[in-house]
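Numbering (the numbering used here), first residue to last: 18 to 475.
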């Protein structure tokens, strides 16, 4: 009975259908034709049956009035007329000569509706069976694909101090019952992808992993660091209390050769010893070495809130009114605003960009304390017309302390260094001795004369 019921049928629909059936069953025998017509309805619910009842009552009232009129007229006739078979009309097909119970079309329609209902029930059963088989198949598949964690245990959440304890240490426990490497430490992973795998413990408890990746390990062999290793296919299981190293995975998938001697376990591959494990007094082995945690990189992390101020800066300090217009009218794709707080009216880069440059004083703030302590130099040229001696450039030398200057003509720009050597030689030999309050006025002319004779060779 339960299996034959349509799965889409709600409790309210079921109650309406029961009420409709009760109304139909309560009809007397004189309503047999009306009852048969109701049972042939495709949409058999309470509302439809109620409307049909009201319509039938109205029709019967009209027929009763017609019958009373016919009876009154028949009383006037001495001999009543015998009704013929042609006056009988089928209420189902509207054909004269037979009743609805004798109608073959009504019988065919009834059989067709009953057949459709039966097929619909059978299809519902098939879908329910298919869904049940699929659920059982997925459940069995998940059980088959579950990993095993050997003798590992989970956190004791009944202990109020359990969240405060760091039970999962840094040691990797060598486990021959584990089918995969497992660790609760997220920061150990060098590569990481989300993963949801059921893991069965020794007490048949099922826990789940949240990620899968690789972990780098620095082994220590005979007190010396060995070659850096990377354990692949490591499950991140936050509920686990231990770090498990699967021996079966290393031997079957990575072709490791594992040898146990006294209190040491040796892991070799292709004849090379890659790492070892020490066995303690409790017959538990942990590999020698330490994990190399992943170096966190936050260069691509942004802490700026996605508000109008941020987009104002990203659009080269566009005014806030135009930024709001871009967002409200969807003129730009890709703008994400998570905060509609009013922007700060004071933007330092905008203020600095609109300010005029401060006046630069033409007077030096300080001067050199001695002669030739600081010399200013500048090259000018090429000149549009060369001199009679073929000079195209000239260079200046200005002493910062005395403010005396000298100008030297140059034929090529590359002669600037040679001119500086001439100036330096004369200044070191003559300038310091010649400088006094009396001769300081004539010093530039003396330098120019020396430079002229030096260049002309006179």
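In this text, a Cβ means the ideal position worked out from N, Cα and C, and glycines have one as well.
Within 8 Å, strictly: CB atoms of residue i and residue j
| i | j | result |
| --- | --- | --- |
| residue 438 | residue 408 | no |
| residue 260 | residue 193 | no |
| residue 243 | residue 209 | no |
| residue 196 | residue 303 | no |
| residue 117 | residue 50 | yes |
| residue 418 | residue 386 | yes |
| residue 284 | residue 267 | yes |
| residue 69 | residue 55 | yes |
| residue 258 | residue 273 | no |
| residue 282 | residue 270 | no |
DSSP beta-bridge partners of residue i
| i | result |
| --- | --- |
| residue 422 | 415 |
| residue 248 | 232 |
| residue 196 | Answer by DSSP bridge pairing: none, since residue 196 is not bridged. |
| residue 208 | 231 |
| residue 140 | According to DSSP, which records beta bridges pairwise, residue 140 is partnered with nothing at all. |
| residue 123 | Residue 123 is not bridged to any residue. |
| residue 274 | 285 |
| residue 307 | 235 |
| residue 241 | 238 |
| residue 427 | 410 |
| residue 290 | 285 |
| residue 262 | 191 |
| residue 295 | 281 and 303 |
| residue 392 | 416 |
| residue 106 | 113 |
Between the CA atoms of residue j and residue i - distance to the nearest angstrom
| i | j | result |
| --- | --- | --- |
| residue 232 | residue 352 | 38 Å |
| residue 255 | residue 203 | 8 Å |
| residue 134 | residue 27 | 17 Å |
| residue 234 | residue 214 | 24 Å |
| residue 357 | residue 324 | 6 Å |
| residue 12 | residue 360 | Because the chain in this structure spans residues 18 to 475, residue 12 falls outside the shown range and cannot be described. |
| residue 246 | residue 146 | 51 Å |
| residue 253 | residue 217 | 14 Å |
| residue 292 | residue 142 | 60 Å |
| residue 67 | residue 42 | 13 Å |
| residue 396 | residue 440 | 14 Å |
| residue 227 | residue 212 | 5 Å |
| residue 404 | residue 410 | 10 Å |
| residue 431 | residue 383 | 32 Å |
| residue 11 | residue 435 | Since the displayed the chain opens at 18 and closes at 475, residue 11 lies outside it and no answer follows. |
| residue 276 | residue 241 | 20 Å |
| residue 107 | residue 72 | 18 Å |
| residue 398 | residue 414 | 15 Å |
| residue 401 | residue 380 | 32 Å |
| residue 362 | residue 373 | 20 Å |
| residue 53 | residue 47 | 12 Å |
| residue 330 | residue 301 | 60 Å |
| residue 483 | residue 220 | Outside the modelled stretch of the chain, which goes from 18 to 475, sits residue 483, for which no answer is possible. |
| residue 6 | residue 164 | Residue 6 lies beyond the residue range present for the chain, which begins at 18 and ends at 475; the question has no answer from this structure. |
| residue 278 | residue 289 | 17 Å |
| residue 140 | residue 311 | 56 Å |
| residue 250 | residue 339 | 52 Å |
Neighbourhood of residue i by C-beta distance below 7 Å, restricted to the same chain and skipping five residues each side
| i | result |
| --- | --- |
| residue 416 | 388, 389 and 392 |
| residue 29 | none |
| residue 349 | 343 |
| residue 115 | 105 and 107 |
8 Å CB neighbourhood of residue i in its chain, flanking five on each side removed
| i | result |
| --- | --- |
| residue 110 | 120, 122 and 123 |
| residue 59 | 130 |
| residue 354 | 323, 324, 325, 328 and 344 |
| residue 206 | 228, 230, 231, 232, 251, 253 and 311 |
beta-carbon residue i near the ligand MG non-hydrogen atom, thresh 7 Å
| i | result |
| --- | --- |
| residue 335 | Of the ligands one can find in the structure shown there are none, so the ligand MG has no counterpart to examine. |
Chain-order list of residues whose beta-carbon lies under 6 Å from that of residue i (same chain, five-residue window excluded)
| i | result |
| --- | --- |
| residue 444 | 389 |
| residue 433 | 396 and 412 |
| residue 78 | none |
Should the region 183–197 be called in touch with the region 116–134, which here means at least 3 C-beta pairs below 8 Å? No contact exists between the region 183–197 and the region 116–134.
Whether or not the region 61–68 and the region 34–41 are in contact is what I'm after, with contact meaning three or more pairs of Cβ atoms, one per stretch, closer than 8 Å; do they touch? yes
Any contact of the region 304–311 with the region 233–247, i.e. 3+ C-beta pairs under 8 Å? Enough Cβ pairs lie closer than 8 Å, so yes.
Do the region 324–338 and the region 360–373 touch if we need at least three Cβ pairs shorter than 8 Å? Taking a cut-off of 8 Å for Cβ pairs, the region 324–338 and the region 360–373 touch, as three or more such pairs fall below it.
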